[in-house]
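Input: a single structure, listed below in structure tokens.
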Amino acid sequence: TMHTSFRPRKEAPARDSGEAARLVDGVVRLVRRAEEQQVKQDRFAPLVPCVDLIVILDSTLGGPLGQVQHVQGSLLAEIMQQMAHRGGAKFALAGFEWFVAKFGTPHSIEVFNELILACRLSHDFQSALQLFARAEEMGVQPDALTFSLALGVCAEDAYLHHNVVAAANACELFQKMQARNIAPSSHTFRALITAFRCNPSTHWQQATSTLASMKEMLEETEDDFVAEREYIM
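Under this note's numbering, the letters of the sequence shown match residues -18 to 214, in that order.
As structure tokens, this is what we get:
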């Protein structure tokens, strides 16, 4: 039995890392138990047992959250962070879909930021950008952190896989930032320059222009741009 301090209420409490950890611990314990049972019952079971995570989430989170009509975005963000830490991006994404099915769209960009970060750390670049697009489609406005994470995704994808589409996505994200008056940071410009490295022969002008904009907008000293200059030489 999963022990939790949740009591029937119309709204679950705000962000609480201890409460989120207890909720996720209950899910993880049941997943492991189901995997162990599957392996014992079937000696030809796959190396990574397949369990019905939706059923497990229903039997664990469904209890303490059974009479809750709304889960605050801050708590859900903490739960997503805990799930990603314990089981990776796929585990967190499955949990997210369960919450969406039960409680509807979470109107908190915190939740999407945690999921995008989890996908980036798992190098699931496609899912990360799909989450960014999904947030916008659901009417959840990306903040500066969301753009920073998404630009980092594009930069890694472009640089690691010489993906020119990812570089183009980075440019598009930067244009969106400018249109929404979200101030860029040094990370923004470094991500753009990294993305342009996927094909220096065609992107060197964009990289040079980005570097010039970085110097102008951030008003940093000449010494701060040595690393960026090396990117485009």
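By construction, the Cβ of each residue, glycine as well, lies at the ideal position given by its N, Cα and C atoms. Here the structure is a predicted model, which is why all the values come from computation and not from measurement.
Rounded separation between G(-1) and E59 - CA only: If you number the sequence shown from 1, residue -1 lands on position 18. If you number the sequence shown from 1, residue 59 lands on position 78. Rounded to the nearest angstrom, the two C-alpha atoms are 9 Å apart.
H51 in three-state terms, based on DSSP: One-based indexing of the sequence shown puts residue 51 at position 70. Of the three classes helix, strand and coil, the one that applies to H51 here is strand, per DSSP.
4-residue-minimum alpha helix (DSSP H) runs that sit fully inside the stretch 88 to 142, ordered along the chain: 90 to 102, 106 to 118, 125 to 142
Under the three-state DSSP convention, the category S167 falls into: Position 186 of the sequence shown holds residue 167. The answer is helix: DSSP assigns S167 an H, G or I state.
Neighbour-count burial assignment, S40, 16 or more Cβ in a 10 Å radius: The residue you call residue 40 lines up with position 59 of the sequence shown. Classification for S40: exposed.
Below-7 Å beta-carbon distance, A73 vs any chain D residue: Absent from the structure is chain D; it holds one protein chain and no more.
C-beta atoms of S103 and A131 nearer than 7 Å: The residue labelled residue 103 in the question sits at position 122 within the sequence shown. The residue labelled residue 131 in the question sits at position 150 within the sequence shown. Not in contact: S103 and A131 (Cβ atoms no closer than 7 Å).
Assigned exposure category for N162 - 16 Cβ within 10 Å defines buried: Translated into the one-based positions of the sequence shown, residue 162 becomes position 181. Classification for N162: exposed.
N162 - DSSP class collapsed to helix/strand/coil: Translated into positions along the sequence shown, residue 162 becomes position 181. The answer is coil: DSSP assigns N162 none of H, G, I, E or B.
8 Å Cβ shell around M61 - same chain, five flanking residues per side excluded: By 1-based counting over the sequence shown, the position of residue 61 is 80. Around M61: A73, G76, F77, V92, E95, L96, A99.
Three-state class that DSSP yields for A26 in the structure shown: Working through the sequence shown from its first residue, we reach residue 26 at position 45. Annotation note: pLDDT 49 at A26 (below 50); position unreliable, coordinate value reported separately. It is coil, neither helix nor strand.
Sequence-distant residues of its chain with Cβ nearer than 7 Å to I35 (five each side left out): Working through the sequence shown from its first residue, we reach residue 35 at position 54. Counting only Cβ-Cβ distances below 7 Å, and skipping sequence neighbours, we find W79.
Proximity below 7 Å, CB of V146 to CB of A109: For the purposes of this step, residue 146 is taken as residue 165 along the sequence shown, with counting starting at 1. For the purposes of this step, residue 109 is taken as residue 128 along the sequence shown, with counting starting at 1. The answer is no: Cβ separation not under 7 Å.
Beta-carbon proximity list for S89, same chain, < 6 Å, skipping 5 on both sides: Here residue 89 is taken as the residue at index 108 of the sequence shown, counted from 1. Closer than 6 Å at the Cβ level, and outside the excluded window around S89, lie G54.
Start and end residues, alpha helix (DSSP H) containing D33: Within the sequence shown, numbered from 1, the residue matching residue 33 stands at position 52. First-last for D33: undefined, no H or E at that position.
Own chain residues within Cβ distance below 7 Å of T86, not counting five before or after: As a working mapping, residue 86 is identified with position 105 in the sequence shown. Closer than 7 Å at Cβ, skipping near neighbours: M119.
Same chain, Cβ closer than 7 Å to Q111, five either side skipped, listed in chain order: By one-based count along the sequence shown, residue 111 stands at place 130. Contacts found: none.
Cβ neighbour criterion (16 or more within 10 Å) applied to A160: Taking the first residue of the sequence shown as position 1, residue 160 is located at position 179. Exposed, since its Cβ has fewer than 16 Cβ neighbours within 10 Å.
Residue from I174, F128, A148 whose Cα sits closest to the Cα of P165: Counting from one through the sequence shown, the residue named residue 165 turns up at place 184. The shortest Cα separation from P165 among I174, F128, A148 belongs to F128.
Close beta carbons around D138, own chain, < 6 Å, minus the five adjacent residues each side: Counting from 1 along the sequence shown, the entry for residue 138 is found at position 157. Here the set comprises F106, N144, A147.
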